[in-house]
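As you go down the protein sequences, you meet chains E and P in turn.
If you're matching positions, the first sequence starts at 289 in this note's numbering and goes up one per residue.
If you're matching positions, the second sequence starts at 289 in this note's numbering and goes up one per residue.
Number of protein chains: 2
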Amino acid sequence: MVTETSNQTSSGASGTVSQLTVISVDAMGGDHGPAAVVAGIALSAEKNPEIGFIIHGDKTQLEQLISKRHGLADVCEVRHSDSVVTMDDKPSNVVRNGKDSSMWSTIEAVRNGEATVAVSCGNTGALMALSMIRLRKLPGINRPAIACLWPSRNPGGFNIMLDVGADIRADQEDLLQYALMGASYARNGMDIKRPRIGLLNVGTEEHKGRAELKVANDLISEASKGANFEYVGFVEGGDIPSNRVDVIVTDGFTGNIALKTGEGTATLIREFLNAAFRHSPLSRLGALFALTSLRRLTERIDPRRVNGGVFLGLNGTVIKSHGAADETGVSAAIKLAFTLAQSEFSEKIAARVASVLVERQDNPSIGDNNGRTE
Amino acid sequence: MVTETSNQTSSGASGTVSQLTVISVDAMGGDHGPAAVVAGIALSAEKNPEIGFIIHGDKTQLEQLISKRHGLADVCEVRHSDSVVTMDDKPSNVVRNGKDSSMWSTIEAVRNGEATVAVSCGNTGALMALSMIRLRKLPGINRPAIACLWPSRNPGGFNIMLDVGADIRADQEDLLQYALMGASYARNGMDIKRPRIGLLNVGTEEHKGRAELKVANDLISEASKGANFEYVGFVEGGDIPSNRVDVIVTDGFTGNIALKTGEGTATLIREFLNAAFRHSPLSRLGALFALTSLRRLTERIDPRRVNGGVFLGLNGTVIKSHGAADETGVSAAIKLAFTLAQSEFSEKIAARVASVLVERQDNPSIGDNNGRTE
Numbered sequence: 289m290v291t292e293t294s295n296q297t298s299s300g301a302s303g304t305v306s307q308l309t310v311i312s313v314d315a316m317g318g319d320h321g322p323a324a325v326v327a328g329i330a331l332s333a334e335k336n337p338e339i340g341f342i343i344h345g346d347k348t349q350l351e352q353l354i355s356k357r358h359g360l361a362d363v364c365e366v367r368h369s370d371s372v373v374t375m376d377d378k379p380s381n382v383v384r385n386g387k388d389s390s391m392w393s394t395i396e397a398v399r400n401g402e403a404t405v406a407v408s409c410g411n412t413g414a415l416m417a418l419s420m421i422r423l424r425k426l427p428g429i430n431r432p433a434i435a436c437l438w439p440s441r442n443p444g445g446f447n448i449m450l451d452v453g454a455d456i457r458a459d460q461e462d463l464l465q466y467a468l469m470g471a472s473y474a475r476n477g478m479d480i481k482r483p484r485i486g487l488l489n490v491g492t493e494e495h496k497g498r499a500e501l502k503v504a505n506d507l508i509s510e511a512s513k514g515a516n517f518e519y520v521g522f523v524e525g526g527d528i529p530s531n532r533v534d535v536i537v538t539d540g541f542t543g544n545i546a547l548k549t550g551e552g553t554a555t556l557i558r559e560f561l562n563a564a565f566r567h568s569p570l571s572r573l574g575a576l577f578a579l580t581s582l583r584r585l586t587e588r589i590d591p592r593r594v595n596g597g598v599f600l601g602l603n604g605t606v607i608k609s610h611g612a613a614d615e616t617g618v619s620a621a622i623k624l625a626f627t628l629a630q631s632e633f634s635e636k637i638a639a640r641v642a643s644v645l646v647e648r649q650d651n652p653s654i655g656d657n658n659g660r661t662e
Numbered sequence: 289m290v291t292e293t294s295n296q297t298s299s300g301a302s303g304t305v306s307q308l309t310v311i312s313v314d315a316m317g318g319d320h321g322p323a324a325v326v327a328g329i330a331l332s333a334e335k336n337p338e339i340g341f342i343i344h345g346d347k348t349q350l351e352q353l354i355s356k357r358h359g360l361a362d363v364c365e366v367r368h369s370d371s372v373v374t375m376d377d378k379p380s381n382v383v384r385n386g387k388d389s390s391m392w393s394t395i396e397a398v399r400n401g402e403a404t405v406a407v408s409c410g411n412t413g414a415l416m417a418l419s420m421i422r423l424r425k426l427p428g429i430n431r432p433a434i435a436c437l438w439p440s441r442n443p444g445g446f447n448i449m450l451d452v453g454a455d456i457r458a459d460q461e462d463l464l465q466y467a468l469m470g471a472s473y474a475r476n477g478m479d480i481k482r483p484r485i486g487l488l489n490v491g492t493e494e495h496k497g498r499a500e501l502k503v504a505n506d507l508i509s510e511a512s513k514g515a516n517f518e519y520v521g522f523v524e525g526g527d528i529p530s531n532r533v534d535v536i537v538t539d540g541f542t543g544n545i546a547l548k549t550g551e552g553t554a555t556l557i558r559e560f561l562n563a564a565f566r567h568s569p570l571s572r573l574g575a576l577f578a579l580t581s582l583r584r585l586t587e588r589i590d591p592r593r594v595n596g597g598v599f600l601g602l603n604g605t606v607i608k609s610h611g612a613a614d615e616t617g618v619s620a621a622i623k624l625a626f627t628l629a630q631s632e633f634s635e636k637i638a639a640r641v642a643s644v645l646v647e648r649q650d651n652p653s654i655g656d657n658n659g660r661t662e
């Protein structure tokens, strides 16, 4: 049985556990099937005895996989679902006809308050659509966003970028909200006390870029006064992996193009690197000597390592783990889910956004200089 | 003396040469100074005796550099200018006060019809601003664009992307014009007989993306019928270095972010690669064996190798060579300038755009479905 600290009781496979932080996990839909997901769960359970799991998918298959791991059944509850959302399923179709899917059931456990964070390796579009419709937006949030991690020169090794594709539009108010949500994510998920926020633009001068970016620049700058984040102003594409910022704010169109361009470039270079090392007997020998170093490099630039987009701005947090995630990847996503759940992340975002909205109502002049060009 | 095939005569340092294709070269403003530029010119002159040069900058310095190269003075004319545009100069200031600069003089030679293509390693913003104001737009072109080359899996090793920063806006008509200009550039500059054009978006499905992209999708598709290019539809960020397309069309905001993100990612990976090889004695030994292969890789992914943005849509072509270009880089930019000049590139773009505009007037219904969402 799994019992969450602050929520209702639900009956599990066996035993009784209290004081658990419960994560809802979709075991189906990933490239490596439920075996990889259960292996990842087992890895997390070993490291964090405070996590409880509600696992969604084919009951027979899942219970068999769980029973093989010593003690795992004690912290897991299995919820049977008849169908699986595939990578090719259309989001609109999943929203209409996906009620018996493991993905739906995974989100539903968060909606019901049985779990605070959901994790799935499945179809991103469907997961986003289901999350939006079933969990609904946090009060005060206009557009939810997807935040991703980006390999960087930061001490922690990663920067956060949002939105990378929840919505192709974002006006100045949305960009301000992304900044607040991103700062909250950096503090609670990545343990950065005072995150540095940058706004993505085609130049760093204040007169550059689109009109809504100039206004957002003023809004975020104003909101940063006395807040627990620092606003560094405009940043460029080349700054995304830099140590100048921790959080890069942009609209979902630009963010998605940047993310896929970065991933595409990394993949191209890995291909070139492999080709370079196969080029001659001498270079093959060189590769042999440098094998460990090269493996470390490959890990650092592998787009799959940047595991998981996080959906921000909903009533409950949803983590999209990469479809190709193996047990290490799944375990990393669960660790992030656990960290965010413990910090009561959604509530903090809601409070933060609300406080800025109140401030804005007291100071209605901020952001009203839409037309200025200096 | 330098005489262009179809233009007026101008008096050079010595000798008489006819039937030359004349390129106007700004010898100042690059990171390595006029020595690297003159060395690049000498390299080009050796390979292509049909090129004539008008070289702009400090006369004493340039004549000294040229006199050291056997025979170079015969194909060069030096134009003295008193000042140099630096990398920190503001474009608006250069346009107002830059009349005595080598950059101004370089553009002026194209404006006067003495040369057909200009090459400069100087300040991009200033070069663009000067080119726009002094050369003016081609008839029928609404927004000129900057096209860049992108390392790719194509047989030729590069894809073309435009606009990468001439203008942050682009509506459906602009995107159509970029497609036509890009196709013309691929044919005349890269010798691709039937270039494949893609429109950058956040997904490849027809219903995705912004409204203007859906209309541009129809416009370009329509224009491709019976034309000497193929339209492959929407492409994503990950397709930029792919062998699916030869030309990627996007607005200057998105293009600039993508370009700098790609460059930033490549630079980050090169740093990681160097660190990986310095990691242990064994990996340092490995690097030694693989040195040649690694150098080839570095060359393939070095952003500086992608030498030169080309300004399209003006009365005359302007090539921005990278500020850090050495003699090989300058020579590559001049070769591109020569190829484009010989193909009477600007005239072809103007004719192509005019013909599509006429077609559009005969078929006013195309592209009028702005609001449709299917």
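Quick reminder that beta carbons are idealized off the backbone N, C-alpha and C, glycines included.
Under 9 Å by beta carbon: chain P residues contacting residue i
i: E:R384; result: Near E:R384 there are no residues of chain P at all, since even the closest Cβ is about 16 Å away, more than 9 Å.
Where residue i meets chain P, residues with beta-carbon distance less than 7 Å
i: E:P529; result: G552, T553, L556
i: E:V490; result: G453, I456, F541, N544, I545
i: E:K548; result: E524, G525, G526
Short Cβ contact (8 Å threshold) for residue i with residue j
i: P:A625; j: P:V537; result: no
i: E:V606; j: E:L450; result: no
i: P:G525; j: E:K548; result: yes
i: E:V326; j: E:A333; result: no
i: P:L645; j: P:P432; result: no
i: E:V618; j: E:G401; result: no
i: E:G543; j: E:G486; result: no
i: P:G597; j: P:C436; result: yes
i: P:G317; j: P:N385; result: no
i: P:I456; j: P:D534; result: no
i: P:F599; j: P:I434; result: yes
i: E:N489; j: E:L501; result: yes
Exposed unless 16 or more other CB atoms sit within 10 angstroms - verdict on residue i
i: P:K356; result: exposed
i: P:Q352; result: exposed
i: E:P443; result: exposed
i: P:P427; result: exposed
i: P:P591; result: Interpretation of P:P591 is limited by its pLDDT of 48, a score under 50 that renders its predicted location unreliable; no figure is taken from the coordinates.
i: E:P483; result: buried
i: E:Q307; result: exposed
i: E:P322; result: buried
i: P:H681; result: With chain P covering only 289 through 662, there is no way to say anything about residue 681 of chain P.
i: E:S380; result: exposed
i: P:R367; result: buried
i: P:N476; result: buried
i: E:T394; result: buried
i: E:E632; result: exposed
Chain P contact residues for residue i, given Cβ-Cβ distances below 8 Å
i: E:K425; result: Result: empty, since nearest Cβ-Cβ is about 21 Å, beyond 8 Å.
Residue i: contacting residues in chain E (beta-carbon distance under 9 Å)
i: P:G617; result: Correct list: empty, because the minimum Cβ distance to chain E is about 20 Å.
Enclosing beta strand (DSSP E) for residue i [first to last residue]
i: P:K608; result: 605-608
i: E:S371; result: Here E:S371 belongs to no beta strand (DSSP E), and DSSP marks it neither H nor E.
i: P:R566; result: Counting along the chain, P:R566 falls outside any beta strand (DSSP E), though it belongs to the alpha helix (DSSP H) covering 540-566.
i: P:N447; result: 446-450
Residue i: first and last residue of the uninterrupted alpha helix (DSSP H) it sits in
i: P:V398; result: 390-399
i: P:G521; result: Here P:G521 belongs to no alpha helix (DSSP H); instead the beta strand (DSSP E) covers 518-523.
i: P:P322; result: 321-335
i: P:G386; result: No alpha helix (DSSP H) holds P:G386; DSSP gives it neither H nor E.
query: Name the residues in the region 495-514 of chain P whose C-beta lies less than 7 Å from a C-beta of chain E; which are they?
result: Answer in chain order: G497, R498.
Interface positions of the region 433-452 of chain P facing chain E (Cβ-Cβ less than 8 Å), listed along the chain: P439, S440, R441
- request: With 8 Å as the limit, tell me which residues of the region 331-357 of chain P have their beta carbon closer than that to any beta carbon of chain E; keep them in chain order.
  value: Across the region 331-357 of chain P, no CB contact with chain E closer than 8 Å is found for any residue.
- request: Name, going along the chain, the residues of the region 309-332 of chain E whose beta-carbon falls closer than 8 Å to a beta-carbon of chain P.
  value: none
- prompt: For the region 396-424 of chain P, which residues have a beta carbon sitting closer than 7 Å to at least one beta carbon of chain E?
  reply: none
query: What are the residues of the region 357-375 of chain P that lie near chain E, defined by any Cβ-Cβ distance shorter than 8 Å?
result: Those would be none; no residue qualifies.
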